[in-house]
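Data first, discussion second: the structure below is written as structure tokens.
Chains as they are written, first to last, in the numbering used here: chain A, 28 to 112; chain B, 76 to 1059.
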């Protein structure tokens, strides 16, 4: 799989680390709760996930991907994605 | 004597004879031969024994689909098992051995299995070796492993080199037959970046194996001319001997290039094979097709081969596979083989399963016939032919060429989940509607059959692929070629056949499928697994389709209803060594060395791995009998004079920006925005779930500049977490982070003489007095006459201590200067073991205590940052009921009543007199060391409600090491609990 890093371009998946559901970026205002820490969506199909280009620029990315076909629909810097929510 | 070599023709170089050995016998072949073709030319047909029944076998095919002719090449550590003789290029001095027999290949004692075949059918393992179960490991399994199998590994380390490489291209073309070459010519002439890979050492595919004409000349000549043109194009990368074995997401293709497997004496150190990761915008699969046999009684004898393979032996290798040939076919392609055999001088009988196929061609034809049995031990000697009218006659034959039709080589189209579909006209599976994105299929691989159509299709597919990436190019002009229609009447197996082999490599017969059906198996997937059909190293390349058709017939369904077949990577076997590449032994993963590593090594140091780092464990001195002597000395030296330890491996992260303090406040349990410039503070970092994540110190070097340290083990994760918080949680904070771990070498000098020692190093203008530079101070200083450095007054050992950081390039020299400066007081370097002893004596938690289960309260640090106003990561979740229970296991010190009783980490605590059961478990010992200061073993452990149990006696029970020691619960601060020394 390759991910199109907004800074570095198309890079192989080995350069990235994976964190999971992008809802982790929406930390509750008053601090974490059980739902935020433990409950994740695990859909078949389209999913917004957090990846970090650790072997490159170090940016955290929100990648929208079909987890069955590995087709990638969009890649966004996580700090921008935050503001877009 | 090459008794079966034709006197002329073939793509071999008769001026380059090559000598080789097979089972100790010397033979001669020519350059351009494969091992199998050279053996055939030498009259050898028996090349192996079958997997289960040890039946004599010869090559079925002339290519990578070969199930029978597997051999072991080379000897000793260099030996390479299960090499397909049909693809192994011949070289001078090649040594090959046949496999899977007891005694010789000709008189295999295990051939007795064939006599008892009735008892060895499908599922016999499951039925026969049911009981007693104790027999399985010791008796049954070794017995089966000896009797059934393929070649054996040498058991020695692989002496060869393997490497990885990346290739980026516009168009990857897989297969260099008629379609692939035309695609490559079209794409290559357009100027696009093209890679053309073919598993063969000679480009051309079937063009090299056929007698017909292309463009008015020999098919092989046209292929050679096309390859020669491609070789002149700088934008085309030719990859012969390269198998594209897998398709992966994002247009990535795995390929294995055999660089030295055809060379008698490869250059020393040159890689044997190269694993390519090809990234292609578009790919064209032009892998051709694989012929399949027909299942009839005893269809596995040496001399029985695919019809297309017979043509390959004759036309490409000028080897005559037999002189009295029977061709058995259900399609027109078999007729070509009959013609080529006849031209080459064989006497031919053609049996066509189709009625009414009786053209006069100058050889005997039997329409509507079938082969019902064969005879001959080490080579077929006769065949029984059933005529359309039911009569059977017996014909002498030394070879049988079989054609059951061709199956497109569509394996790669299935690698990302695509499923083939059944084409009734072709009687074959063709690529389904969901090939991997970016991959198109051309030529025979998608069921296009005539040479002319393949040539045109290759060019057209290239035009389309180029169009996808914005390149407009005309198709290369296709030469004139044979353009016959496909004529096939599907014929899978001969009625009434029993021991008719379907999967030759795993010895699965029609009877086995019938048995599986009888026993209730219906689904293809279940039948496959029960009979092991298609599960050998050839993955059923010649077997799968017949098996599905046979199952369809058994269950009374159509092939389409019965199911399809899918393929996973790799297309052909890839050595694990190729995947490993250079990542083996010491290079399995990177090794990180500190700047003073060589200095430490010169001191006679033993190193220990700490993540990727190598750290000095202890420094051996003359007269020290074991590591304990060294460690005890290092601890005593440090506590009485001074010690120097390399702490470069701790993670160092520069945190800068107007919001740096606010950022750290949100990240750590305690506050940093209140920290004065020029001061350090201990920091405890929690995970979001409230458990302790890591600890370290932060030094405030400026109003907007902090330097935080992490533990060696967690440096990468902490950096990742901090960047996550910065980018994903609080992008509004103006702060930036950079890891400076490798920019600074850092050493701790600690002990009563530490200040005296530092005074000799740090330039005189810096006042190191306790008032000017107290405990937890930090400053930029210069050392050794102007070298910039950073000084921190920190202590992990509990003694007066400093840490000095210096640009990494000076690390090697600085440690040497420090040790020399301390010599007058007997100061000495120490390793991580002594570091560990002293931190346990001081009750500092480290990795064994920060084990991902403990809370700040468990470690006695609940009050750290208690007055803090802002929230921080983990605060809310740490307040959960389960993490604040008063009876949680909390960290305490443990001292054995008998000081010499050796404590062990991992021991469990139980009350004196209690049974060592889970219900009675009070906690565990996390760290245990010998304390030279206390002259006793001591430990840090977690005891249920430990804080309220000071002075109680319990047992440290270690069932694994057989220890059961009475210990007293004490404060974890064993040495200098008030901290007077470090403030001194």
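Don't be surprised by glycine CBs; every beta carbon is placed ideally from N, CA and C. No experiment lies behind these values; they were computed from the predicted model shown.
Cα-Cα separation, residue i to residue j
i: residue 471 of chain B; j: residue 453 of chain B; result: 15 Å
i: residue 653 of chain B; j: residue 353 of chain B; result: 15 Å
i: residue 676 of chain B; j: residue 933 of chain B; result: 39 Å
i: residue 46 of chain A; j: residue 77 of chain A; result: 5 Å
i: residue 108 of chain A; j: residue 895 of chain B; result: Below a pLDDT of 50, predicted positions are generally treated as unreliable, and residue 108 of chain A, at 49, falls in that range; no measurement from the model is reported.
i: residue 264 of chain B; j: residue 301 of chain B; result: 12 Å
i: residue 63 of chain A; j: residue 927 of chain B; result: 19 Å
i: residue 110 of chain A; j: residue 743 of chain B; result: Bear in mind that the predicted position of residue 110 of chain A carries a pLDDT of just 41, short of 50, making it unreliable; the figure below should be weighed with that in mind. About 25 Å.
i: residue 587 of chain B; j: residue 197 of chain B; result: 5 Å
i: residue 838 of chain B; j: residue 879 of chain B; result: 13 Å
i: residue 578 of chain B; j: residue 630 of chain B; result: 19 Å
i: residue 543 of chain B; j: residue 268 of chain B; result: 14 Å
i: residue 88 of chain A; j: residue 40 of chain A; result: 13 Å
i: residue 190 of chain B; j: residue 573 of chain B; result: 15 Å
i: residue 210 of chain B; j: residue 29 of chain A; result: 50 Å
i: residue 806 of chain B; j: residue 106 of chain A; result: 6 Å
i: residue 595 of chain B; j: residue 610 of chain B; result: 20 Å
i: residue 124 of chain B; j: residue 178 of chain B; result: 12 Å
i: residue 255 of chain B; j: residue 555 of chain B; result: 16 Å
i: residue 305 of chain B; j: residue 678 of chain B; result: 60 Å
i: residue 1065 of chain B; j: residue 171 of chain B; result: With chain B represented from 76 up to 1059, any question about residue 1065 of chain B goes unanswered, as that position is not in the structure.
i: residue 1034 of chain B; j: residue 979 of chain B; result: 11 Å
Where the alpha helix (DSSP H) containing residue i begins and where it ends
i: residue 893 of chain B; result: 886-897
i: residue 911 of chain B; result: 907-917
i: residue 351 of chain B; result: From DSSP, residue 351 of chain B is part of no alpha helix (DSSP H) but of the beta strand (DSSP E) over 348-360.
i: residue 529 of chain B; result: 526-543
i: residue 793 of chain B; result: 790-799
i: residue 674 of chain B; result: 672-677
i: residue 834 of chain B; result: 829-834
Buried/exposed call for residue i, threshold 16 Cβ in 10 Å
i: residue 966 of chain B; result: buried
i: residue 94 of chain A; result: exposed
i: residue 689 of chain B; result: buried
i: residue 551 of chain B; result: buried
i: residue 502 of chain B; result: buried
i: residue 80 of chain A; result: buried
i: residue 176 of chain B; result: buried
i: residue 74 of chain A; result: buried
i: residue 684 of chain B; result: exposed
i: residue 218 of chain B; result: exposed
i: residue 847 of chain B; result: exposed
i: residue 348 of chain B; result: buried
i: residue 65 of chain A; result: exposed
i: residue 465 of chain B; result: exposed
i: residue 796 of chain B; result: buried
i: residue 112 of chain A; result: Confidence is the limiting factor: at residue 112 of chain A the pLDDT is only 36, short of 50, which leaves the residue's position unreliable, though a coordinate-based value still follows. Exposed.
i: residue 1023 of chain B; result: exposed
Near the ligand PLP: residue i beta-carbon under 7 Å from a heavy atom
i: residue 506 of chain B; result: Absence of the ligand PLP is noted for the structure shown, with no ligands found whatsoever.
Residue i, enclosing beta strand (DSSP E) - first and last residue
i: residue 100 of chain B; result: 100-106
i: residue 509 of chain B; result: Element bounds for residue 509 of chain B: n/a, residue is neither H nor E.
i: residue 312 of chain B; result: 311-314
In the stretch 700-773 of chain B, which residue ranges form an unbroken alpha helix (DSSP H) of at least 4 residues, counting only runs that do not cross its ends?
The stretch 700-773 of chain B contains these whole alpha helix (DSSP H) runs: 702-715, 735-742.
Quick test of the definition: if touching needs 3 or more C-beta pairs under 8 Å, does the stretch 506-517 of chain B touch the stretch 592-611 of chain B?
Touching, no.
Assess contact between the stretch 439-449 of chain B and the stretch 478-489 of chain B, defined as three or more Cβ pairs (one per stretch) separated by less than 8 Å. Is contact present?
These segments do not touch.
Restricting to runs no shorter than 3 residues, where is the beta strand (DSSP E) found entirely within the stretch 141-207 of chain B?
145-148, 155-159, 169-173
Please give the ranges of any alpha helix (DSSP H) in the stretch 585-634 of chain B, keeping only runs that are unbroken, at least 4 residues long and fully inside the region.
585-593, 599-606, 619-630
For the 8 Å Cβ check, are there 3 or more pairs between the stretch 366-375 of chain B and the stretch 472-479 of chain B?
Touching, yes, given that three or more Cβ pairs across the two stretches are closer than 8 Å.
Would you say the stretch 915-924 of chain B touches the stretch 727-739 of chain B, given that touching needs at least three Cβ pairs under 8 Å?
no
Counting pairs of beta carbons, one from the stretch 519-537 of chain B and one from the stretch 331-347 of chain B, are three or more of them closer than 8 Å?
no
Cβ contact check for the stretch 76-96 of chain B and the stretch 135-149 of chain B: 3 or more pairs under 8 Å:
no
Quick check on the DSSP output: what are the complete beta strand (DSSP E) runs of length 3 or more inside the stretch 393-466 of chain B, in order along the chain?
399-404, 422-427, 439-442, 445-450, 457-461
Decide yes or no for the touch test of the stretch 150-159 of chain B against the stretch 222-232 of chain B: beta carbon pairs closer than 8 Å, at least 3 of them.
By the Cβ criterion, the stretch 150-159 of chain B is in contact with the stretch 222-232 of chain B, since at least three pairs of Cβ atoms, one from each stretch, lie closer than 8 Å.
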